[in-house]
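Asker: In this text, residue positions in the sequence shown follow the numbering used here: the first is 316, and each later residue adds one. Virtual Cβ for every residue (Gly too), placed ideally from N, Cα, C. All figures in this text were calculated on a predicted structure; none of them were measured in a lab.
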Amino acid sequence: MEEKKTIFSGIQPSGGLTLGNYIGALRNWALLQNEYHSYYCVVNLHAVTVRQEPAALRRRTRETAALLMACGIDPNVSTLFIQSHVPEHAELTWALSCNTYMGELMRMTQFKDKSARHSDNINAGLFTYPVLMAADILLYMTDLVPIGADQKQHLELTRDIAQRFNGVYGDVFTVPEPLISKTGGRVMSLQEPERKMSKSDPEDTFISLVDDPDTIRRKIKRAVTDSESEIRFDPENKPGVSNLLNIISALTGESTDDICADMAGQGYGTLKTRVADVVIEALAPMQAEYKRLIGDKEYLMKVQSESAEKAAYLAQKTLRKVQKKIGFAARL
Ligand code: ATP
Ligand code: LTN
C-alpha cells in the first residue's frame, strides 16, 4: 500500500474568520484530513508581524482553534496545534534565514502590500515572514500545502529554500507542492466586490463565521450589486451579483448557470434572500458545534496540549537532523 502523503496548512488568528476563509480553505481542510497525514496550525507567530492587542490575540488563538474543529477538523485525525507551542518553528527559521537572500524576500508581494498598509511598523518580522512559513512547512516533511492563490509566491520561495538547503547539505527536506482549489478560491468583499473578502477589513464587508442569522441577512441585504436588474453571472461587469451567485454555488454545489436559469425574471431582493438562506443553513451546524466547544475550555486545552506534543515529535526530529547537517555541536 502507498504511504499516505503529508499536508500542512496555517491560518492566522489575526481577526474573526470569514466566509471566504471557510469556502476557500477550512472546509477543504476537513475533507482532506482522511486522505493525508494532516497538520493544521494556528500561526500566532505570523500574526504578530502586525501589532496585536495581547488579550485579543490570546482569545482569538483559542477561538480560531475551536472554529477549525467546528468546521470538521477532528483532532483525533488531524494534528491541530498552536504555532508558539512548538518552538522548533522559530528555531528552524534561523537556519533557513541564513540560506535565504534579501533579494528574494524583497520580491514578495505580500511584504510590499503589508508594508504599504502598515507604514508606521515595517518591522524585520514582516520582512522575514516567508522564512517562518517555510519553516512551518519543512519541519513536517510536507508533500502538499492547501492554500489560496494569494500564498503561491510564498510556497515557491519555500521550494527554492528547500532545494538550496538540500543542494548544500544533502537531502534533508521534502520539497512541497501547492494545492490550490479551483472552485471557491476567491470570495469577494460584500462592499467592494473587486477585492477579496478579508478578515482585516471593516465589519460590513465580510460574513463572519460566527455572525447570527439577522446579521447575515442585514449584511447580504446591503451587499453592493449594480444598477441593472438581471441576475447574470458576469464577474467582469457584474462583480457584486457574480460574487453572490458564486457563494450560492460554492455552498450548494449547483452551477452558476443553473442558479441563473432557476432565478430568471426575479430581482436582486430575491437573490439576496436566497444567498442569506443558503449561508445561514450552511453555517448553522458549524455554529452550534462552535458554541458547544468554546464553552469547554478544559477540552480545548487538552487538545492543544496533546496536539502540540504530536507535532513536536516530528518537528524535533527534523530540527535535530538539520542541526547535525549544518554542523552544530551535539550536547550530551
Ligand atoms: P488577512 O485578511 O488578515 O490578510 P486572510 O483573511 O487572507 O487574512 P489568512 O489567515 O491569511 O486569512 O488565510 C487563511 C486561508 O484562507 C488562506 O489559505 C487563504 O488563501 C484563504 N482565504 C482568505 N481569504 C479568502 C477569500 N476571500 N476567498 C477564498 N479564500 C480565502
Ligand atoms: N501565510 C499564510 C499563513 C501561513 C501558512 C503557513 C499557510 C503561515 N504558515 C504554512 C500554509 C502553510 C497566510 O497568510 N494565509
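Check L332 in the structure and name its three-state DSSP category.
Answerer: Residue state, collapsed to three classes: coil.
Asker: By the three-class DSSP mapping on this structure, what secondary structure does M421 have?
Answerer: Helix, per DSSP.
Asker: Check whether the Cβ of M473 sits closer than 7 Å to any heavy atom of the ligand ATP, and report yes or no.
Answerer: The question names Met, but residue 473 in the sequence shown is Thr. No, the ligand ATP has no heavy atom inside 7 Å of this Cβ.
Asker: Does the ligand LTN have even one heavy atom less than 7 Å from the beta-carbon of H361?
Answerer: Yes, the ligand LTN has a heavy atom inside 7 Å of this Cβ.
Asker: For K639, which residues of its own chain have a beta-carbon under 8 Å away from its beta-carbon, when the five flanking residues on both sides are left out?
Answerer: Within the same chain, K639 has close Cβ partners A645.
Asker: Going by C-alpha distance, which of N436, R377 and R474 is nearest P298?
Answerer: What the structure shows of the chain is the stretch from 316 to 647, and residue 298 is not part of that stretch, so it cannot be assessed.
Asker: Among the candidates F643, E624, G642 and L647, whose CA atom is the shortest distance from the CA of P402?
Answerer: That would be E624, whose Cα lies nearest to the Cα of P402.
Asker: With a cut-off of 6 Å, give the chain-ordered residues whose Cβ is closer than this to any heavy atom of the ligand LTN.
Answerer: After applying the 6 Å Cβ criterion, the set is F323, S324, G325, Q327, V358, H361, M448, D451, I452, V460, I462, Q466 and H469.
Asker: Alpha helix (DSSP H) containing F442: first to last residue?
Answerer: Segment A439 to L453, the alpha helix (DSSP H) holding F442.
Asker: What is the DSSP secondary structure of Y605, reduced to helix, strand or coil?
Answerer: DSSP places Y605 in helix when its eight states are reduced to three.
Asker: At which residue ranges does the region 344 to 378 contain complete alpha helix (DSSP H) runs of 4 or more residues, listed in the order of the chain?
Answerer: Whole alpha helix (DSSP H) segments, 4+ residues: 359 to 362.
Asker: So what does P493 bridge to, in DSSP terms?
Answerer: Bridge partners of P493: V460.
Asker: Could you give the distance in angstroms between the alpha-carbon of D458 and the alpha-carbon of D529?
Answerer: In a straight line, the C-alpha of D458 is about 42 Å away from that of D529.
Asker: Grouping DSSP H, G and I as helix and E and B as strand, with all else coil, what is S570?
Answerer: Correct three-state label for S570: coil.
Asker: Take V618 as the anchor and find which of Y337, A371, T394 and L372 has the nearest alpha-carbon.
Answerer: It is T394.
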